[in-house]
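> There's a structure below that I have some questions on.
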Amino acid sequence: MSFHIVPRSTYFKVFAALVLLLVVTVLAAKVPLGVFNTPIALSIGLVKATLIVLYFMHVRYSPPLVRVFAAGGFLWLAIMFALTFSDVLTRH
Amino acid sequence: MTVQGFAHRNYLNADYRFRSWLWTTDHKRIAILYMISITMFFFVGGAAAVLFRLELMTPRGDLTIAETYNRLFTLHGVIMVFFFLIPSIPAVLGNFLLPMMIGARDLAFPRLNLASWYIFMLGGVMAVGAIIAGGADTGWTFYTPYSSTYTNTNVILMALGVFVAGFSSILTGLNFIVTIHTMRAPGLTWFRLPLFVWAHYATSLIMVLGTPVIAITLLLVVLERGLGIPIFDPKMGGDPLLFQHLFWFYSHPAVYIMILPSMGVISEIVACFARNRVFGYKFIAFSSLAIAVIGFLVWGHHMFVSGQSVYAGMVFSFMSMLVAVPSAIKVFNWTATLHKGAVSLETPMLYALGFIGLFTLGGLTGLFLATLAIDVHVHDTYFVVAHFHYIMVGGAVMGYLGGIHFWWPKMTGRMYPEWWGRLSAGIIFIGFNLTFFPQFVLGYLGMPRRVHEYVEEFQVLNVMSSAGASILGVGYLIPLAYLIWSLRYGPLASANPWGATGLEWQTESPPTTFNFDKTPVVREEAYHYDTGLTEASHSHVL
Amino acid sequence: MEITAAPMPDTRHVAHHFDDAEQQFVAAELGMWVFLATEVLFFGGVFCGYAIYRFKYAAEFIAGSHRLDVWLGTVNTAVLLTSSLTMALAVHAAQTSRRGALVRNLLLTLLLGAAFLGVKGYEYHHKFEERLVPGRNFRFVAHSAHVPESLQPAKEEKVDPRQVELFFSLYFAMTGLHALHMIIGIGVLAVLIVAAGRGAFSGGYFTPIEMTGLYWHFVDIVWVFLFPLLYLIR
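Residue numbers (my numbering), protein chains in the order written: chain G, 35 to 126; chain F, 5 to 546; chain C, 90 to 323.
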């Protein structure tokens with residue numbers, strides 16, 4: 035059985051990035067950017083989640099099948115949002 | 005009469021103790037546990053149907069008052085959908101056959117498999133408990149705000165029962181996906197898999213991606229109803245359509261959880277009894293996946309008259325038309341498989357042919373309902389009831405019974421009595437059509453569903469339907485009787501009584517605990533039948 | 090910098106129905122990811138509800154969000170991110186067969202998780218006192234002494250307390266479900282710590298550590314989205 039051992043230094047770098055992004059997201063929320071505040075917060079969240087998935091959860095080193103299922107859940111969530119909002123946004 | 009026993013050691017006679025069943029991790033024994041459980045649930049749900057079909061013999065509420073009637077159809081829907089149809093083929097036949105079909109010794113997670121049965125039973129006990137405590141009257145759909153705010157019936161326990169049972173479905177799907185990916189025998193490439201396996205893979209995807217959504221939805225209903233925190237309540241600005249979107253995000257694909265495994269069974273039976281290679285193997289395989297994916301894009305066709313936007317209605321209507329394409333591909337390809345095959349009409353084949361006809365009718369009327377304008381006319385009428393019973397009973401249950409007969413020799417090591425099998429298949433087909441065809445007419449004439457009274461001009465058709473239901477009931481009782489009888493008195497089955505292809509037929513009947521003495525190696529495509537009867541088949545049946 | 094290690098697999102843990110340890114590990118990993126996909130959709134249902142109500146009742150959601158303590162939320166996010174780091178380090182320790190480091194990191198993860206829940210409990214308690222728990226006792230006053238003037242809605246802006254209550258329903262449902270997942274995770278960690286202390290895991294067999302890690306990181310990710318959506322709306 036062979037597997038990748040992610041070096042500890044990588045974990046610490048990712049952690050530093052996560053904490054940095056946390057600070058950025060809290061500060062960004064204090065700046066009044068109108069409608070852009072939420073997209074920015076969500077984008078930062080997405081970057082943080084991606085870092086966690088790729089490094090802490092080892093998806094970067096995982097077989098393709100695991101990546102498909104890791105992405106699949108989010109893809110299906112996107113379907114749910116898209117079609118539900120096709121109703122909500124056009125309802126009178 | 006002397007009773008013959010099995011000569012060889014197998015999964016049934018490996019251990020006779022009670023706890024060897026309750027703590028088993030053998031996928032075959034777990035399948036048997038599921039079979040017994042869902043059969044009980046089937047007759048509970050059926051009993052409710054008997055009562056309301058009796059009530060509908062007359063236009064007035066002679067047998068039940070409205071409140072009782074509402075509880076009866078809710079009971080029928082909840083039990084049949086969540087505790088019979090959804091687990092039926094996957095948890096019984098899938099559990100039993102899937103590892104054998106791919107040449108594995110068990111599913112990837114045997115203990116999880118057993119856990120899923122216990123979870124299922126816990127959910128079932130909760131649902132039956134809710135029924136005994138007075139039942140719920142929301143319909144199986146649990147629509148808010150009626151379910152969350154207004155009804156005085158046992159919604160919480162009922163919804164929690166469904167919530168719990170959902171996890172069993174998730175775990176089964178998860179187990180199948182991992183098993184199919186990681187445990188195929190050497191040489192068993194994806195395009196050598198039996199179509200039954202493809203169908204179960206597609207079904208498992210739906211179980212895994214859809215079921216969690218209904219779990220959270222029902223949990224929110226329970227939170228709102230139990231703790232009084234507003235979520236769907238329109239008084240507080242909540243959106244009742246939110247519930248419907250989330251509910252149908254699962255519950256429409258759930259229809260494909262019921263029908264896809266049945267389609268897998270039909271592919272096996274048609275190929276075997278037409279003694280032909282399946283026509284367009286890859287098309288059938290991919291159409292299963294297409295149904296699973298497109299099935300997630302169509303849920304809004306349940307909401308055409310709910311206040312959903314017309315734009316969304318049009319999108320969903322169009323998408324619903326699309327899902328007919330892969331379904332039609334399957335029907336065409338089964339028909340083409342029959343063409344120039346050496347067709348013989350044993351019981352499983354009778355069910356398969358019944359399936360193809362009834363599913364086609366159910367599917368085509370589904371196209372009516374997917375058409376926005378027509379749905380507005382027939383929405384919430386018996387037309388809808390007839391349509392989905394053609395799919396769920398005419399399709400899913402016929403497939404289940406066909407599969408049970410086809411693999412009965414493998415599961416029990418005994419043959420069922422063929423004459424009785426054919427007789428009851430015929431009775432079920434006739435009884436089914438007499439029950440549900442009149443309901444198309446009733447619905448088109450405007451009789452609303454879920455109401456215990458109706459105007460007098462509908463009585464003739466309702467009496468026809470009730471008469472059909474009693475025939476159907478007899479049709480279901482006959483197999484129950486002769487299958488139990490066959491466990492003791494049925495002739496011993498050979499390893500491959502139908503002369504079928506597939507790895508499950510290469511091991512003994514019943515199989516040994518680990519299915520195969522040696523891991524099989526696969527060197528050819530599925531369904532390598534030579535057209536024309538082979539002498540190996542049919543010897544002791546005809 | 091990546092190292093591919095191939096220590097001798099610990100075959101004692103290979104179940105009868107698998108051919109070898111690798112097949113078993115691949116199956117477990119795939120199974121865990123399929124499970125996490127179901128979790129995405131489980132939480133996704135409430136997120137979808139949140140999105141619709143946020144879209145419809147933006148002002149009320151902002152007013153509700155102002156009643157949450159951003160400072161505590163930030164601290165808790167940091168706590169949770171740190172617990173993810175220690176969890177990742179635990180996996181590393183298992184892979185490199187360092188029993189002491191494994192137990193230590195698992196224990197740290199558990200404690201950080203418990204700290205998160207403690208802060209969460211304190212916040213819940215506070216909301217209870219402010220009568221912001223949805224239900225019969227819910228009272229939302231637009232201009233409350235609990236909120237600094239700068240964060241209060243403008244006088245002319247109408248905020249319907251009923252939809253603020255919807256916000257708090259979702260707040261409690263989402264954070265409650267998240268906390269429930271944390272509690273389950275902590276329970277699993279406790280079992281693992283005992284087993285790790287007895288030397289159950291090594292570079293040849295660390296599947297339970299890796300799987301629990303995946304679960305723990307997933308719960309962390311849920312919070313990464315909950316935090317800005319609940320605490321940081323302006």
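Even glycine gets a Cβ: it sits at the ideal position worked out from N, Cα and C. Note that the structure is predicted; figures quoted are calculated from it, not measured.
With C-beta atoms as the reference, is G/Phe-115 less than 8 Å away from C/Ala-140?
Within the first sequence, residue 115 of chain G is the residue found at index 81, counting from 1. Within the third sequence, residue 140 of chain C is the residue found at index 51, counting from 1. Against a cut-off of 8 Å, the Cβ pair of C/Ala-140 and G/Phe-115 comes out as a contact.
> Check the Cβ of F/Met-240 against every Cβ in chain C and list those closer than 8 Å, keeping chain order.
As a working mapping, residue 240 of chain F is identified with position 236 in the second sequence. Under the 8 Å cutoff, chain C gives Arg-251, Gln-252, Glu-254, Leu-255.
> Just to check my reading of the structure: F/Leu-164 and F/Met-130 have Cβ atoms closer than 8 Å, yes? What is that Cβ distance to the nearest angstrom?
For the purposes of this step, residue 164 of chain F is taken as residue 160 along the second sequence, with counting starting at 1. For the purposes of this step, residue 130 of chain F is taken as residue 126 along the second sequence, with counting starting at 1. The pair is a contact, with the Cβ atoms about 6 Å apart (cut-off 8 Å).
> So, does the region 217–229 of chain F touch the region 264–279 of chain F, judging by three or more C-beta pairs under 8 Å?
Contact between the region 217–229 of chain F and the region 264–279 of chain F is absent, because fewer than three Cβ pairs lie under 8 Å.
> Under 6 Å Cβ to Cβ from C/Leu-321, same chain only, skipping five residues before and after it: list those, please.
Position 232 of the third sequence, counted from the start, is the residue given in the question as residue 321 of chain C. Correct list: empty, nothing qualifies.
> With F/Tyr-254 as the anchor, note down where its alpha helix (DSSP H) starts and where it stops.
To locate residue 254 of chain F, count along the second sequence from 1; it is residue 250. Counting along the chain, the alpha helix (DSSP H) containing F/Tyr-254 begins and ends at 244–278.
> Compare the C-beta of G/Met-91 with all C-beta atoms of chain F and state if any pair is closer than 8 Å.
Looking up residue 91 of chain G in the first sequence gives position 57. Output row for G/Met-91: interface = no.
> Taking just the CA atoms, how far does F/Ala-346 sit from F/Ser-543?
By 1-based counting over the second sequence, the position of residue 543 of chain F is 539. By 1-based counting over the second sequence, the position of residue 346 of chain F is 342. Bear in mind that the predicted position of F/Ser-543 carries a pLDDT of just 42, short of 50, making it unreliable; the figure below should be weighed with that in mind. Rounded to whole angstroms, F/Ser-543 to F/Ala-346 spans 15 Å at the Cα level.
> Do the region 261–268 of chain F and the region 86–105 of chain F make contact, defined as three or more Cβ pairs closer than 8 Å?
With the cut-off at 8 Å, the region 261–268 of chain F and the region 86–105 of chain F touch.
> Residues of chain G with CB closer than 7 Å to the CB of F/Gln-463, please, in chain order.
Reading the second sequence from its first residue, position 459 is the one you call residue 463 of chain F. Result: empty, since nearest Cβ-Cβ is about 40 Å, beyond 7 Å.
> What does F/Gln-312 touch in chain G if you count any residue whose Cβ is under 8 Å from its own?
Here the question's residue 312 of chain F lines up with position 308 in the second sequence. The answer, in chain order, is Asp-121, Arg-125.
> Compile a chain-ordered list of the residues in the region 293–315 of chain C whose CB is closer than 7 Å to at least one CB of chain A.
The structure shown has no chain A; the protein chains it does contain are G, F and C.
> How many angstroms separate the CA atom of F/Lys-286 from the CA atom of F/Val-327?
Position 282 of the second sequence, counted from the start, is the residue given in the question as residue 286 of chain F. Position 323 of the second sequence, counted from the start, is the residue given in the question as residue 327 of chain F. Roughly 17 Å separates the two Cα atoms.
> Looking only at its own chain, which residues have a Cβ that is under 7 Å from the Cβ of F/Asn-280, when we skip the five neighbours before and after it?
For the purposes of this step, residue 280 of chain F is identified with residue 276 of the second sequence, where counting begins at 1. So the list reads Thr-341, Gly-345, Tyr-533, Thr-535, once near-sequence residues are dropped.
> Suppose only complete runs of 4+ residues qualify. What are the alpha helix (DSSP H) ranges in the region 216–302 of chain C, listed by chain order?
You should have 250–286.
> Going by other Cβ atoms of all chains shown within 10 Å of its Cβ, with 16 needed for buried, is F/Tyr-493 buried or exposed?
Residue numbering aside, residue 493 of chain F sits at position 489 when the second sequence is read from its first letter. Exposed.
> Express the C-alpha separation of C/His-214 and C/Thr-175 in angstroms, rounding to a whole number.
Mapped onto the third sequence, residue 175 of chain C falls at position 86. Mapped onto the third sequence, residue 214 of chain C falls at position 125. Going from the Cα of C/Thr-175 to the Cα of C/His-214 covers about 28 Å.
> Tell me which residues share the same chain as F/His-391 and place their Cβ nearer than 7 Å to its Cβ, disregarding the 5 neighbours each side in the sequence.
As a working mapping, residue 391 of chain F is identified with position 387 in the second sequence. Excluding positions up to five away in sequence, the list reads Gly-366, Thr-369, Gly-370, Leu-373.
> At a Cβ threshold of 8 Å, is G/Ala-51 touching chain C?
Within the first sequence, residue 51 of chain G is the residue found at index 17, counting from 1. Not one chain C Cβ lies under 8 Å of G/Ala-51.
> Pull up the distance between the alpha-carbon of F/Leu-546 and that of F/Phe-520, whole angstroms please.
Taking the first residue of the second sequence as 1, we reach residue 546 of chain F at position 542. Taking the first residue of the second sequence as 1, we reach residue 520 of chain F at position 516. Caution applies to F/Leu-546, whose pLDDT of 37 falls short of 50 and renders its modelled position unreliable; the value that the coordinates give is listed next. Computed Cα separation, rounded: 30 Å.
> Give me the Cα-Cα distance between F/Leu-199 and F/Tyr-404, rounded to the nearest whole angstrom.
Reading the second sequence from its first residue, position 195 is the one you call residue 199 of chain F. Reading the second sequence from its first residue, position 400 is the one you call residue 404 of chain F. So the alpha carbons of these two residues sit roughly 15 Å apart.
> Which bits of chain C does G/Ala-157 rub up against, with CB to CB less than 7 Å?
For residue 157 of chain G there is no data in the structure shown, the boundaries of chain G being 35 and 126.
> If you measure between the beta carbons of F/Ala-356 and F/Gly-304, is that distance less than 8 Å?
Indexing the second sequence from 1 puts residue 356 of chain F at position 352. Indexing the second sequence from 1 puts residue 304 of chain F at position 300. Not in contact: F/Ala-356 and F/Gly-304 (Cβ atoms no closer than 8 Å).
> Closer than 7 Å, Cβ to Cβ, to anything on chain G: give me those residues from the region 167–184 of chain C, in chain order.
Cβ contacts with chain G come from Ala-167, Leu-170, Ser-173, Leu-174, Ala-177, Leu-178, His-181, Gln-184.
> Determine whether the Cβ of G/Ala-104 lies closer than 8 Å to any Cβ atom of chain C.
What you label residue 104 of chain G is simply residue 70 of the first sequence in a count that begins at 1. Yes, its Cβ sits closer than 8 Å to a Cβ of chain C.
> Along chain G, which residues have their Cβ under 7 Å away from the Cβ of F/Ala-316?
Residue numbering aside, residue 316 of chain F sits at position 312 when the second sequence is read from its first letter. Those are Ser-120, Asp-121, Thr-124, listed as they occur along chain G.
> In whole angstroms, what is the alpha-carbon distance linking F/Asn-17 and F/Ala-258?
Translated into positions along the second sequence, residue 17 of chain F becomes position 13. Translated into positions along the second sequence, residue 258 of chain F becomes position 254. Spanning the two alpha carbons is a distance of roughly 36 Å.
> From the DSSP output, which residues share a beta bridge with C/Ile-141?
Position 52 of the third sequence, counting from 1, holds the residue named residue 141 of chain C. Per DSSP, none; premise fails for C/Ile-141.
> Mapping DSSP to helix, strand and coil, what is C/Leu-170?
For the purposes of this step, residue 170 of chain C is taken as the residue at position 81 of the third sequence. C/Leu-170: helix per DSSP, three-state reduction.
> Helix, strand or coil, according to DSSP, for F/Arg-64 in the structure here?
Start at 1 with the first residue of the second sequence, and residue 64 of chain F comes out as number 60. Coil.
> Please report the distance separating the alpha-carbon of F/Phe-561 from that of F/Met-39.
Nothing can be reported for residue 561 of chain F: it is not among the residues displayed for chain F, which extend from 5 to 546.
> Using a Cβ cut-off of 7 Å, which residues of the region 382–395 of chain F contact any Cβ in chain C, in chain order?
Of all residues in the region 382–395 of chain F, none has a Cβ within less than 7 Å of some Cβ in chain C.
> F/Phe-253: which of G/Arg-125, G/Thr-124, G/Thr-118, G/His-126 sits nearest, CA to CA?
Counting from one through the second sequence, the residue named residue 253 of chain F turns up at place 249. For F/Phe-253, the nearest C-alpha among the options comes from G/Thr-118.
> Kindly indicate the opening and closing residues of the alpha helix (DSSP H) around F/Glu-71.
On the second sequence, residue 71 of chain F is found 67 positions in, with the first residue counted as 1. Element bounds for F/Glu-71: 70–82.
> Hey, quick one: how far does the alpha helix (DSSP H) through F/Ala-471 stretch, first residue to last?
On the second sequence, residue 471 of chain F is found 467 positions in, with the first residue counted as 1. Looking at the DSSP string, the run of the alpha helix (DSSP H) that includes F/Ala-471 is 463–493.
> Taking 8 Å as the threshold (beta carbon to beta carbon), is C/Gly-120 in contact with chain F?
Within the third sequence, numbered from 1, the residue matching residue 120 of chain C stands at position 31. Judged by the 8 Å Cβ criterion, C/Gly-120 is in contact with chain F.
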